[in-house]
Amino acid sequence: MDPVGTDTPCRRPDGRGAGWRRGASASPARGGDVGNGWRVTQGLVVIVLNWCGYERTVACVDSVLASDLPTRVLLVDNASPDGSGDRLKERYPSLDVISSDRNRGYGGGNNLGIRRARELGAESVVLLNNDVVIEPDCLRLIAKMLCRHPRAALVAPKIVHADDGTIGAVGGEMRWRLAEARQIGHLEADRGQYDEVREVDFAPGTAVAVRMAAIDEVGVIPEDYFLYLEDVDWSLRFRKRGWKILVEPRARVAHRESSSAGKNSPLKGYYYVRNNLLFADRHAGSCLRTTSRALRGKLVRMVARELLSGRPSVAEAMIQGYLDYRAGATGASPRPLRMK
């Protein structure tokens, strides 16, 4: 039995049930069969966001093109200074490549693709970071979930680490004392312990399908985070409007951690601190005072740890993130940040 419940079954084409309408096409640009005769109208439009990652983007796009559910692919180049956007246009002349005029961050870059997908009449989009590779049946399984659960705004696959097969995330849950977003299963061995469909608090933006009708109601991805936590913020906005967020663990993607931000980099330290405080302001509610005090205590400990570990540039970036939060700065950092 489906533990989250089935809102309505996808009927076969002759029944014209949820997820199908007369005249739906199975061409790569329009849609395809999701199994047992079920069909997705307009198909899934897949959006892949690139920034200085030609080889990884190629691996990602090629995995989408090898999917057993034909889809339309939109490539968004976030003003890569390494020329990878032009190289991708040359490699994929038949795909739509959207070139941003500047680096708009995760939210802004994907929103360019979402708006283009809306123009194409898409009913759902799949957002993929360029450092993931999807399995051939991933899109079909996600499409079936969207079809069966019309109140699901987001459907996330199981994310596993490409190097060792450990779990990256099977959705996420909130821990409100620190307004902390925890990825479920992170770094655990994949023993099948999360192989049931589940409803979660948020869907990681690494790989996620989004229903366009839900976007029309809630809005596109918030762009003032630039990097980190915009996916959690967005998820909570959907939930507040009564939408569900589901994980389909049979749909799998392999994730190679992003090279755009090192594990302990000034870039990551800055946005981690500033955006956690910004997120707490927006979502902690009645717990805000306690949460803010706990976050500030955590910040002091993190800065001390970076200094003791010989990473003063990371500590400095964290402090600057706090100061910029106090100054009301959002979006991209007003000053350059080192990525490593």
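Numbering-wise, the sequence shown is residues 718 to 1057 according to my numbering. Here a beta-carbon is modelled for each residue, glycine too, at the ideal position from N, C-alpha and C.
Report the residue from the options whose alpha carbon sits nearest the alpha carbon of residue i.
{"i": "TYR988", "options": "ARG865, PRO1053, ASP933 and LEU963", "result": "PRO1053"}
{"i": "VAL842", "options": "GLY922, ARG999 and ALA796", "result": "GLY922"}
{"i": "LYS861", "options": "SER1009, LEU963, ARG832 and ALA906", "result": "LEU963"}
{"i": "ASN827", "options": "PRO874, CYS864, VAL765 and GLY802", "result": "VAL765"}
{"i": "HIS878", "options": "ARG1013, LEU944 and VAL849", "result": "VAL849"}
{"i": "ILE859", "options": "ASN795, VAL763 and ASN767", "result": "VAL763"}
{"i": "LEU1016", "options": "THR774, HIS972, GLN1037 and ALA920", "result": "GLN1037"}
{"i": "ARG915", "options": "SER1009, ARG1055, THR788 and ALA873", "result": "ALA873"}
{"i": "HIS1000", "options": "ASP918, ARG1055, HIS972 and ALA1034", "result": "ASP918"}
{"i": "ARG991", "options": "ASN846, LEU1012, GLY1002 and HIS972", "result": "LEU1012"}
{"i": "VAL775", "options": "GLN910, ARG894, SER1030 and ASN846", "result": "ASN846"}
{"i": "GLU934", "options": "TYR911, SER1030, ALA920 and GLY959", "result": "GLY959"}
{"i": "PRO853", "options": "ARG821, GLY1014 and PRO787", "result": "PRO787"}
{"i": "GLU840", "options": "ARG789, TRP951, ARG1022 and GLY1002", "result": "ARG789"}
{"i": "SER982", "options": "ALA924, TYR771 and VAL1020", "result": "VAL1020"}
{"i": "ARG967", "options": "SER816, ASP907, GLY1002 and LEU844", "result": "ASP907"}
{"i": "GLY822", "options": "LEU944, PRO1051 and TYR809", "result": "LEU944"}
{"i": "GLU897", "options": "ASP998, SER816 and LEU844", "result": "ASP998"}
{"i": "LEU844", "options": "ARG1055, SER816, ARG1010 and LEU761", "result": "LEU761"}
Note down the Cα distance separating residue i from residue j, rounded to an integer number of angstroms.
{"i": "ALA1049", "j": "LEU946", "result": "14 Å"}
{"i": "ASN993", "j": "GLU807", "result": "39 Å"}
{"i": "CYS777", "j": "GLY882", "result": "17 Å"}
{"i": "ALA1046", "j": "TYR942", "result": "10 Å"}
{"i": "ILE831", "j": "LEU1025", "result": "43 Å"}
{"i": "PRO949", "j": "ILE851", "result": "The residue asked about is misnamed: residue 949 is Val in this sequence, not Pro. For VAL949 and ILE851, the distance between alpha carbons rounds to 22 Å."}
{"i": "MET891", "j": "LYS957", "result": "14 Å"}
{"i": "GLU913", "j": "VAL887", "result": "10 Å"}
{"i": "PHE1062", "j": "PRO939", "result": "The first residue shown for the chain is 718 and the last is 1057, placing residue 1062 beyond what the model contains."}
{"i": "GLN759", "j": "ARG865", "result": "At GLN759 the pLDDT is 48, less than 50, meaning the model places this residue with poor confidence and gives no usable figure here."}
{"i": "GLY802", "j": "ASN767", "result": "8 Å"}
{"i": "LEU1040", "j": "GLY986", "result": "13 Å"}
{"i": "ASP785", "j": "CYS855", "result": "8 Å"}
{"i": "ASP818", "j": "GLY909", "result": "44 Å"}
{"i": "LEU984", "j": "CYS769", "result": "16 Å"}
{"i": "SER1030", "j": "SER811", "result": "44 Å"}
{"i": "GLY936", "j": "ASP880", "result": "35 Å"}
{"i": "GLY824", "j": "ARG833", "result": "14 Å"}
{"i": "ARG954", "j": "LEU829", "result": "20 Å"}
{"i": "ALA1044", "j": "MET1035", "result": "14 Å"}
{"i": "TYR911", "j": "SER797", "result": "37 Å"}
{"i": "GLU1023", "j": "GLU1033", "result": "9 Å"}
{"i": "TYR809", "j": "ASP779", "result": "10 Å"}
{"i": "ARG973", "j": "GLU965", "result": "20 Å"}
{"i": "LEU904", "j": "ALA924", "result": "17 Å"}
{"i": "PRO1051", "j": "TYR1042", "result": "12 Å"}
{"i": "GLY838", "j": "GLY1014", "result": "48 Å"}
{"i": "SER952", "j": "GLY1002", "result": "16 Å"}
{"i": "ALA920", "j": "ALA870", "result": "10 Å"}
{"i": "ARG1010", "j": "TYR771", "result": "42 Å"}
{"i": "ARG1055", "j": "SER816", "result": "24 Å"}
Less than 8 Å between the CB of residue i and some heavy atom of the ligand NAP, yes or no?
{"i": "GLU947", "result": "Because no ligand of any kind appears in the structure shown, any question about the ligand NAP cannot be addressed here."}
Between which two residues does the beta strand (DSSP E) holding residue i run?
{"i": "PRO966", "result": "961-972"}
{"i": "ILE815", "result": "813-816"}
{"i": "SER1060", "result": "Residue 1060 lies beyond the stretch modelled for the chain, which goes from 718 to 1057, so this question has no answer here."}
{"i": "ILE831", "result": "First-last for ILE831: 822-836, but that is the alpha helix (DSSP H), not the beta strand (DSSP E)."}
{"i": "VAL927", "result": "924-928"}
{"i": "ALA898", "result": "897-900"}
{"i": "GLU890", "result": "889-892"}
{"i": "LEU844", "result": "841-846"}
{"i": "GLY909", "result": "Element bounds for GLY909: n/a, residue is neither H nor E."}
{"i": "GLY885", "result": "884-886"}
Tell me, which residues are paired with residue i by DSSP?
{"i": "HIS866", "result": "In DSSP, HIS866 forms no bridge with anything."}
{"i": "ASP794", "result": "ASN767 and SER816"}
{"i": "PRO853", "result": "Answer is none; PRO853 lacks a bridge partner."}
{"i": "LEU1016", "result": "Beta-bridge pairing links LEU1016 to no other residue."}
{"i": "PRO874", "result": "GLU965"}
{"i": "LEU761", "result": "SER841"}
{"i": "GLU772", "result": "None; GLU772 has no bridge partner."}
{"i": "GLU916", "result": "LEU963"}
{"i": "ARG789", "result": "VAL762"}
Return the Cβ separation of residue i and residue j in integer angstroms, given the expectation that the two are a contact with Cβ distance under 8 Å.
{"i": "ALA792", "j": "LEU782", "result": "Looking at the sequence itself, residue 792 is Leu, so the reference to Ala does not match. With a Cβ gap of about 12 Å, LEU792 and LEU782 do not count as contacting."}
{"i": "LYS961", "j": "ARG868", "result": "5 Å"}
{"i": "ARG969", "j": "LYS875", "result": "5 Å"}
{"i": "ARG835", "j": "MET929", "result": "6 Å"}
{"i": "VAL814", "j": "ASP794", "result": "6 Å"}
{"i": "ILE901", "j": "GLY885", "result": "With a Cβ gap of about 10 Å, ILE901 and GLY885 do not count as contacting."}
{"i": "LEU863", "j": "ALA926", "result": "6 Å"}
{"i": "ARG894", "j": "THR1008", "result": "7 Å"}
In terms of residues, what are the limits of the alpha helix (DSSP H) holding residue i?
{"i": "GLN1037", "result": "1029-1044"}
{"i": "ARG999", "result": "983-1000"}
{"i": "GLU940", "result": "Counting along the chain, GLU940 falls outside any alpha helix (DSSP H), and DSSP gives it neither H nor E."}
{"i": "VAL949", "result": "947-957"}
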